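A.B. asks:
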Amino acid sequence: MLNELLRLQHKNPKKLIGLMSGTSADGIDACLVEISGNGIKTKINILGFDTYPYDERTRTSILEACNPETCTVDKVCYLNFHLGRLFAQAAKSIANKAHIHINDIDLIGSHGQTIYHLPMLHATLQIGEPSVIAQETGVTTVADFRPRDMAAGGQGAPLVPYVDFILFRDKEKGRALQNIGGIANVTFLPPDCNINDILAFDTGPGNMLIDRIAELVTDNLSHFDEDGNLAAKGKVNNNLLSSLLKHPYLSKSPPKTTGREEFGKPFADKFYKDAVHTGIKDIDILTTVTAFTAKTIADGYKQWILPKHHISEVILSGGGSYNNTLVKFLVQYLGPSIKVCPISNFGIAPNAKEALAFAILANETISGNPNNVPSATGAKEAVIMGKIIPGNPQQPP
0 MLNELLRLQH
10 KNPKKLIGLM
20 SGTSADGIDA
30 CLVEISGNGI
40 KTKINILGFD
50 TYPYDERTRT
60 SILEACNPET
70 CTVDKVCYLN
80 FHLGRLFAQA
90 AKSIANKAHI
100 HINDIDLIGS
110 HGQTIYHLPM
120 LHATLQIGEP
130 SVIAQETGVT
140 TVADFRPRDM
150 AAGGQGAPLV
160 PYVDFILFRD
170 KEKGRALQNI
180 GGIANVTFLP
190 PDCNINDILA
200 FDTGPGNMLI
210 DRIAELVTDN
220 LSHFDEDGNL
230 AAKGKVNNNL
240 LSSLLKHPYL
250 SKSPPKTTGR
260 EEFGKPFADK
270 FYKDAVHTGI
280 KDIDILTTVT
290 AFTAKTIADG
300 YKQWILPKHH
310 ISEVILSGGG
320 SYNNTLVKFL
330 VQYLGPSIKV
340 CPISNFGIAP
350 NAKEALAFAI
360 LANETISGNP
370 NNVPSATGAK
380 EAVIMGKIIP
390 GNPQQPP
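In the numbering used here, the protein residues as written are 0 to 396.
#1: Is the CB-CB distance between A375 and I197 below 8 Å?
#2: Which two residues bound the contiguous beta strand (DSSP E) that contains A199?
#3: Return the residue from the list I194, I179 and R147 that minimises the CA-CA distance to D163.
#4: Between N37 and A230, what straight-line distance do the alpha-carbon atoms span, to the nearest angstrom?
#5: So, for P395: in the same chain, excluding its five sequence neighbours on each side, which residues have a beta-carbon less than 7 Å away from its beta-carbon?
#6: Quick test of your reading: G26 and T50, contact by CB under 8 Å. State the CB separation rounded to the nearest angstrom.
#7: If you drop the 5 nearest sequence neighbours on each side, which residues of the same chain put their C-beta closer than 6 Å to that of P389?
#8: Threshold first: 4 residues or longer. Then list the alpha helix (DSSP H) segments lying entirely within the stretch 219-269, N to C.
#9: Quick one: what does DSSP say S23 is sitting in, helix, strand or coil?
#10: Which of the three DSSP states is assigned to Y321 in this structure?
#11: Pull up the DSSP beta-bridge partners for D28, would you.
#12: Could you pull out every residue in the same chain whose Cβ sits closer than 8 Å to the Cβ of Q8, ignoring the five residues on either side in sequence?
#13: Taking 8 Å as the cut-off, decide whether the C-beta atoms of G108 and L31 are in contact.
#14: Answer yes or no: do L243 and F167 have a C-beta to C-beta separation smaller than 8 Å?
#15: Report the rounded CA-to-CA distance for P306 versus P373, giving the unit in angstroms.
#16: Measure the C-alpha to C-alpha separation of I314 and M384 and round it to an integer number of angstroms.
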């Protein structure tokens with residue numbers, strides 16, 4: 000096994016697959032990438048990307064497992080292995096799509112599916128059993144990244160800032176890498192920065208509230224507001240927006256992280272019920288929560304970044320970057336002095352970024368490089384995140 004790890008460490012370039020399922024729990028993002036080097040010398044060439052949606056039963060099971068009122072230990076136990084098989088299938092599918100045999104893949108980096116995240120208690124749980132992934136693909140798999148950062152006193156998030164630093168640092172521009180998944184998170188890279196200069200935190204909810212309100216508005220006919228078309232038809236209710244902006248998370252100082260525990264279904268359902276009770280139209284509720292996500296992003300910058308730094312450009316990624324109404328609000332709240340552009344301008348599909356990130360983080364793990372950012376997570380020191388599960392390339396899956 001040690002010989003295989005040494006071989007992987009020194010092989011250049013490597014073919015890796017990154018796997019990610021976010022808090023929206025809508026499917027598995029799989030990114031196939033060729034990586035040369037490691038650390039700040041990392042070079043990437045994306046060979047393929049796709050999203051493999053969960054069937055309705057699996058998605059429901061995930062959301063039930065995330066809710067303490069509907070979660071049971073036996074459900075989590077089964078779901079861990081079920082998702083492991085689905086993640087393995089996603090890895091094989093993306094390799095097949097790129098016309099590359101799975102045996103020619105050197106390494107898989109899997110984030111898994113977050114079930115519960117308790118940053119202040121330094122506890123987190125991601126499932127999608129990596130032993131199943133390694134067994135069914137035959138490929139050495141690196142997974143379970145967050146616990147090591149937590150063991151070092153961190154919040155286990157955000158983890159992508161390390162990758163943002165590798166790929167997007169610039170000698171002259173101050174860049175904000177804004178991902179809008181279920182939760183929205185930003186990495187700010189000052190001009191000509193080193194890794195200790197990074198400022199990163201969760202700005203608040205991303206698509207999470209929008210998706211749930213879209214379900215309620217459409218009687219579950221849609222799980223999200225495609226392109227923001229529904230929200231575009233409504234108006235922002237300023238009183239409702241003001242009440243949302245009083246959420247205590249928003250006034251916390253970084254490092255900070257949030258999740259479904261604060262902005263999930265219970266919060267969304269109560270908020271929707273209260274808003275309807277006051278006579279606000281369904282469509283205006285959806286428009287207002289869309290504006291809320293944009294406002295929390297802009298306010299996060301104004302509160303924690305802009306007092307000391309200048310932002311030259313905001314680079315958007317994640318599913319929320321496809322929501323035209325959300326992006327329109329964000330541009331409005333940021334003002335004309337800050338350029339906003341999609342990550343696709345840099346050759347990366349918006350939904351591919353986090354899957355790509357876990358491929359790069361896995362490469363750093365194998366290379367023996369610390370791959371957390373203590374200034375972002377609050378960890379006491381830089382550590383090597385990820386558990387390594389050896390594959391069996393001699394035995395074709």
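Don't be surprised by glycine CBs; every beta carbon is placed ideally from N, CA and C. Everything numeric in this text was worked out from a predicted model, so none of it was measured.
C.D. replies: Let's see:
#1: A375 places its beta carbon less than 8 Å from that of I197.
#2: Where A199 is concerned, the enclosing beta strand (DSSP E) stretches over L198 to P204.
#3: If we check each option's Cα against that of D163, I194 comes out closest.
#4: The C-alpha of N37 lies about 43 Å from the C-alpha of A230.
#5: Reliability fails at P395, whose pLDDT of 48 lies under 50, so the model's placement of it is uncertain and the value that follows must be treated cautiously. Leaving aside the five residues that flank P395 on each side, the residues in its chain whose CB is nearer than 7 Å to its CB run, in chain order, N102 and G137.
#6: That pair is a contact at about 5 Å.
#7: Within the same chain, M0 and T139 come within 6 Å of P389 by CB-CB distance, once the 5 residues on both sides are set aside.
#8: The stretch 219-269 is shown to contain whole alpha helix (DSSP H) runs of 4 or more residues at 237-243 and 259-262, in chain order.
#9: Three-state DSSP puts S23 in coil, outside helix and strand.
#10: Of the three classes helix, strand and coil, the one that applies to Y321 here is helix, per DSSP.
#11: According to DSSP, D28 bridges with M19 and T50.
#12: Within the same chain, and ignoring the five residues on either side of Q8 in sequence, the residues whose Cβ sits closer than 8 Å to its Cβ are I365, S366 and G367.
#13: No, the pair does not count as a contact, with Cβ atoms beyond the cut-off.
#14: Not a contact, by the Cβ cut-off of 8 Å.
#15: Those two C-alpha atoms are separated by around 22 Å.
#16: Straight-line Cα distance between these residues: approximately 26 Å.
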